[in-house]
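Data block below; observations after.
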Amino acid sequence: MPLPSVRRLVVAATALAVAGGLSACGSDSDTNSGSAGPASSAASDPHALSVTVSAASGCTPDKTTLAAGAITIKVTNKDATGVSEIELLGGERIIGEKENLPPGFSGDFTVEVEAGTYTLYCPGAQPEKTTLTVTGAASTSAADTSTSALLDKGTKQWGEYVETQVGYLVEGAQTLATALKGTDLAAAQTAYKKSRVYYERIEPVAESFASGKQDLDADIDAREGDVPAAEWRGFHRIEKGLFADKKLAGLSKFGDELVTNTTKLKTLTTGLSYKPFELANGAQELLDEVSASKITGEEERYSHIDLLDVQGNVEGAEQAFADLQPGLAKIDPALASSVSTQFAALNALVDKYRSKTEPSGFKLYSELTNTDRKALAAAVKAVQEPLSRVASKVTH
Amino acid sequence: MSDEDRPVTDEAGTSSRRRFLGGALGVAGAVATGGAGFALGELSARSPAEAAVPNRVPMYGQHQAGIATPAQDRLVFAAFDVTAADKQAVAMLLGSWAAAAAQLTNGLPVGGAVDPDRPPLDTGEAEGLAPARLTITVGFGPSLFDDRFGLAARRPAALAELPAMPGDALDPARTGGDLGVQACSDDPQVAFHVVRNFARLARGTAALRWLQLGFGRTATTSKSQSTPRNLMGFKDGTRNVKAEDAQALADHVWVGKGADQPWMAGGSYAVVRRIRMLIESWDTDSLSDQERIFGRTKDAGAPLTGKAEFDPPDLAAKDATGAPVIDPRAHIRLAAPETNDGAKLLRRGYSYTDGVDPATNLLDAGLFFIAYQKDPRHQFVPIQTRLGRSDDLNEYIRHTGSAVFAMPPGLSGPGDWYGKPLFS
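Have a look at this one:
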């Protein structure tokens with residue numbers, strides 16, 4: 001069944017960030033040592049701040065008073081090996097920042113600020129904090145694009161996404177349960193392959209309901225050996241019956257239990273609300289799933305449809321990130337664009353393995369070479385490293 | 001974050017971390033008893049952290065550390081493939097590595113914020129450990145100069161892919177790489193910590209291609225060191241180029257100012273070879289044959305024409321029957337400068353083991369050979385071609401991995417980074 005494409009959401013989010021007047025300022029450059037001082041031409045511009053980071057003098061701005069509105073902050077790390085980023089704080093909240101700025105390099109970021117007092121924070125520098133004063137009034141842009149409103153909207157979108165996916169998951173489980181009561185093994189195998197991806201997209205949400213002896217994730221998705229044999233049920237128990245034993249006999253009750261448990265998940269997730277950092281951590285957990293059990297081919301050890309799971313995990317992670325992206329782009333456009341670029345690279349790689357003939361839509365994992373698997377692992381890690389910094393940005 | 005974790009300002013006004021500094025000062029204080037003035041005098045020139053950390057090898061200078069530095073006991077060598085398409089991303093990575101190297105060689109963590117809401121920037125396993133003479137040496141493989149980054153015109157002629165040589169049994173997964181990183185320390189955890197953090201800094205830009213641990217040095221690069229033994233039980237590398245011999249370094253190791261690529265002046269070329277030893281077979285060879293194959297005695301390491309290790313071998317000497325005392329196919333004859341138009345290498349190898357060969361259950365162990373030189377085309381390649389063709393040692397060794405890297409000159413200070421003139 002057709003689903004809303006996550007790519008479309010990402011594009012929409014990017015368009016919004018640009019329309020909001022945020023420069024996606026990925027401009028980094030290396031500098032000639034010795035010429036790292038603030039550029040004099042910008043010294044009189046109240047909308048431009050030049051900051052030099054050095055081992056001897058710490059974090060030094062060329063001015064401490066700025067005019068409200070859009071401010072471009074150019075940062076040059078002269079020789080501070082222990083400093084790699086700079087943040088602009090309003091109270092405790094990060095308004096904007098530049099990361100990954102080793103000595104010998106410079107970069108810039110743009111923020112929208114109202115009148116008030118702000119702190120320039122260069123973690124690790126001495127001194128590491130400088131107070132900045134912003135005066136005057138900004139020519140107001142759309143009021144509803146404040147960072148917290150954007151993040152809030154994103155968490156609601158994620159909630160809707162989870163509900164949609166769980167809805168499809170229950171439908172898929174019902175179709176599978178019906179097939180397991182029949183006599184057509186091939187049809188049941190296909191029903192299995194078609195039901196999996198919805199769970200893989202939102203698995204961390206299900207995992208969050210584990211408490212005490214109740215473990216919905218295990219009931220739905222445990223692999224052989226994860227739980228005592230007598231308690232093993234759910235997708236992978238059915239997978240073993242369909243793809244290893246190749247028999248329908250005895251699977252019917254597992255199908256019915258799967259419907260029960262996915263329906264339970266639907267009840268628990270309906271109307272659930274999320275915090276921005278939960279989306280960031282959820283995205284990270286989904287990619288951890290890829291690294292931990294898909295790259296190794298352990299997840300779908302009988303059906304080998306791991307690539308479909310990978311795509312599901314990646315899509316769910318990208319959806320969670322896309323919901324955060326408009327807000328994150330206000331805080332740290334470079335980080336937002338870095339995660340987005342790495343997701344695009346990962347998607348391009350996963351797309352290489354699409355298949356028109358396989359019911360899962362992807363080549364079987366057993367057909368991949370070690371080179372393929374290494375490239376996939378590297379692309380996942382390439383998303384995870386910048387993504388691991390997102391939660392702290394959207395917390396405050 | 002507790003106050004202890006916050007960077008603090010010490011008397012000299014430079015930042016350090018209290019926990020590291022406290023530990024370091026304790027040791028330095030013990031050493032400098034009665035000489036406190038010395039420590040303070042040094043502090044004004046360099047950062048106090050640098051002066052206070054014991055067993056610290058300075059990172060900045062004309063040449064990269066880790067080449068003519070007296071060989072440390074442990075090695076981690078890693079090769080990376082660049083995965084990014086963007087030249088600027090590679091430059092940023094090399095800048096980040098240079099900054100991290102400055103921190104790590106001073107016993108400090110990879111720098112930046114410590115925020116409870118995000119993963120620490122440093123992985124942490126070297127916290128509280130002294131650098132133990134840590135050196136980090138970074139270089140570029142020939143493949144970095146292909147058409148991806150527009151560097152082809154800046155490739156030095158000496159950075160040629162090594163030709164196929166007799167005796168090669170190379171595993172592609174242990175061969176080549178766009179970037180090479182050699183981390184050496186007397187503490188294996190300190191060396192590993194470097195490569196782990198470099199790999200982390202590289203995510204999205206470069207990925208590990210292969211990694212080799214070396215558990216014990218097999219070379220001496222200073223007259224202050226004694227010659228260690230390789231896994232065959234022999235002293236190998238007695239006639240190595242030594243750090244104290246400035247003329248030999250200039251003649252054989254450092255790239256001169258007149259080189260075809262000015263950015264390599266002061267640099268050197270590293271050839272690395274993973275040489276597996278079939279040590280179970282070697283162990284069944286008689287002592288006299290082992291000594292004939294090397295051309296040295298096993299216990300003292302003396303050439304078969306001499307009595308002590310450092311006696312120069314007499315390659316012309318004949319025994320009573322008129323046969324050469326040092327066999328025509330002996331390792332020391334074929335590797336000798338006299339046999340190779342005077343060519344010498346600065347060898348800096350390490351013994352390795354990667355456990356048991358799953359196919360045979362025999363030990364997968366041997367020598368991770370590293371040799372620094374001015375131009376591999378005139379040094380390693382002809383020497384190894386001769387050895388690969390004739391050396392009787394070949395019966396007991398297999399070259400299973402190989403790479404060559406151009407190691408640029410040393411960094412001038414913070415703000416300089418590996419290959420800065422190459423990328424600008």
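Protein sequences, first through last, are from chains A and B. Take 1 as the starting number for the first sequence in the working numbering and just add one per residue. Take 1 as the starting number for the second sequence in the working numbering and just add one per residue. Think of the CB as a built atom: it goes at the ideal place given N, C-alpha and C, for glycine as much as any other residue.
In this structure, what does DSSP give as the bridge partners for residue i?
i               : result
A270 of chain B : B:Y372 and B:F405
L179 of chain B : B:F80 and B:F140
V235 of chain B : Looking at the sequence shown, residue 235 of chain B is not Val but Lys. B:R229.
P414 of chain B : B:D416
A365 of chain B : B:M277 and B:T353
W158 of chain A : None; W158 of chain A has no bridge partner.
K318 of chain B : B:P324
S168 of chain B : In the sequence under discussion, the amino acid at residue 168 of chain B is Asp, which differs from the Ser named in the question. Paired residue(s): B:H399.
E224 of chain A : A:V227
V53 of chain A  : A:C59 and A:N77
T135 of chain B : B:C184
Which residues in chain B have a C-beta closer than 7 Å to the C-beta of residue i? List them in chain order.
i               : result
N313 of chain A : Near N313 of chain A there are no residues of chain B at all, since even the closest Cβ is about 18 Å away, more than 7 Å.
A329 of chain A : By Cβ distance, chain B contributes nothing, its closest Cβ being about 18 Å from A329 of chain A, past 7 Å.
P397 of chain A : Examination of residue 397 of chain A is not possible in this model, given that chain A is present from 1 through 396 alone.
T81 of chain A  : A99, A102, Q103, G111 and P414
Q189 of chain A : Chain B residues near Q189 of chain A: none, gap ~34 Å exceeds 7 Å.
Return yes when at least one heavy atom of the ligand NAD lies under 6 Å from the C-beta of residue i, else no.
i               : result
G355 of chain B : Among the ligands in the structure shown, none appear at all, so the ligand NAD cannot be discussed.
Do you know whose CA, among the options, lies nearest residue i's CA?
i               : options                           : result
R274 of chain B : B:P414, B:T400, B:P119 and B:W417 : B:T400
A173 of chain A : A:L349, A:L387, A:V259 and A:D245 : A:V259
Q225 of chain B : B:Y60, B:V57 and B:P70            : B:P70
Q88 of chain B  : A:P102, A:V162 and A:K253         : A:P102
S424 of chain B : B:A101, B:D178, B:A102 and B:R154 : B:R154
F321 of chain A : A:R223, A:G159, A:L132 and A:L368 : A:G159
R389 of chain B : B:E291, B:R196 and B:D168         : B:D168
P408 of chain B : B:H63, B:N55 and B:P54            : B:H63
G66 of chain B  : B:V253, B:N394, B:R292 and B:W263 : B:V253
R348 of chain B : B:I370, B:M59, B:L201 and B:E395  : B:I370
A246 of chain B : B:F294, B:G176, B:L346 and B:A336 : B:L346
S281 of chain B : B:A336, B:P120, B:G266 and B:G366 : B:G366
G180 of chain B : B:P119, B:Y418 and B:G141         : B:G141
S84 of chain A  : A:T72, A:T65 and A:S54            : A:S54
L248 of chain A : A:G91, A:L176, A:T262 and A:E278  : A:L176
Could you tell me how far apart the beta carbons of residue i and residue j are, in whole angstroms, since I believe they sit closer than 8 Å?
i               : j               : result
E397 of chain A : S195 of chain A : For residue 397 of chain A there is no data in the structure shown, the boundaries of chain A being 1 and 396.
D313 of chain B : I332 of chain B : A small fix is needed here, since residue 313 of chain B is Pro in this sequence, not Asp. Correct: roughly 6 Å between the Cβ atoms.
L93 of chain B  : A207 of chain B : L93 of chain B to A207 of chain B, Cβ: 11 Å. No contact.
K181 of chain A : S252 of chain A : 5 Å
D186 of chain B : R74 of chain B  : 7 Å
K114 of chain A : V134 of chain A : With the sequence shown as reference, residue 114 of chain A is identified as Glu, and Lys is not the correct amino acid for it. Contact holds; Cβ gap of about 7 Å.
P414 of chain B : A183 of chain B : That belief does not hold up - the Cβ atoms of P414 of chain B and A183 of chain B are roughly 20 Å apart, past 8 Å.
D332 of chain A : K393 of chain A : 6 Å
L216 of chain A : A206 of chain A : 6 Å
D178 of chain B : F80 of chain B  : 6 Å
V383 of chain A : V350 of chain A : Wrong, their Cβ atoms sit about 11 Å apart, outside the cutoff.
Residues of chain A with a CB under 8 Å from the CB of residue i: which are they?
i               : result
S96 of chain B  : S84, N100 and P102
M407 of chain B : None at all; the shortest Cβ gap to chain A is about 19 Å.
D117 of chain B : F277, A391, S392 and T395
K87 of chain B  : None at all; the shortest Cβ gap to chain A is about 11 Å.
Taking residue i as the query, report the chain B residues whose CB atoms sit under 8 Å from its CB, ordered along the chain.
i               : result
P386 of chain A : G204
Determine the chain A residues that contact residue i at a beta-carbon separation under 9 Å, and present them in chain order.
i               : result
D265 of chain B : The question names Asp, but residue 265 of chain B in the sequence shown is Ala. Correct list: empty, because the minimum Cβ distance to chain A is about 18 Å.
A183 of chain B : The premise fails here: A183 of chain B is roughly 17 Å from chain A at the closest Cβ pair, so nothing lies under 9 Å.
P262 of chain B : Those within 9 Å of P262 of chain B in chain A number zero; the least Cβ separation is about 16 Å.
M165 of chain B : Within 9 Å Cβ-Cβ: nothing; M165 of chain B doesn't reach chain A, min ~26 Å.
T83 of chain B  : A345, A375, A378, A379 and A382
L108 of chain B : T81 and G82
For residue i, return the contacting residues in chain A, with the cut-off set at a CB-CB distance below 7 Å.
i               : result
M232 of chain B : What M232 of chain B touches in chain A: nothing, since even the nearest Cβ is about 33 Å away.
A207 of chain B : A378
Below 9 Å on C-beta distance, what does residue i contact in chain B?
i               : result
F321 of chain A : None at all; the shortest Cβ gap to chain B is about 15 Å.
K264 of chain A : Result: empty, since nearest Cβ-Cβ is about 32 Å, beyond 9 Å.
K78 of chain A  : P414 and G415
- If you scan the segment 66-110 of chain A from start to end, which runs of the beta strand (DSSP E) of 3 or more residues do you find wholly inside it? If we require 3 residues or more, the beta strand (DSSP E) runs fully inside the segment 66-110 of chain A come out as 69-77, 86-90 and 93-98.
Query raised in the report: Which ranges would you report for the alpha helix (DSSP H) in the segment 113-143 of chain A if only whole runs of at least 4 residues count?
Result: Qualifying alpha helix (DSSP H) stretches: none in this window.
### Length at least 4, wholly inside the segment 181-207 of chain B: the alpha helix (DSSP H) runs in chain order
DSSP runs (the alpha helix (DSSP H)) wholly in the segment 181-207 of chain B: 188-202.
*Could I get the ranges of all uninterrupted alpha helix (DSSP H) runs contained in the segment 264-298 of chain A, with 4 residues as the minimum, in chain order?*
Unbroken alpha helix (DSSP H) runs of no fewer than 4 residues, entirely contained in the segment 264-298 of chain A, are found at 276-289, following chain order.
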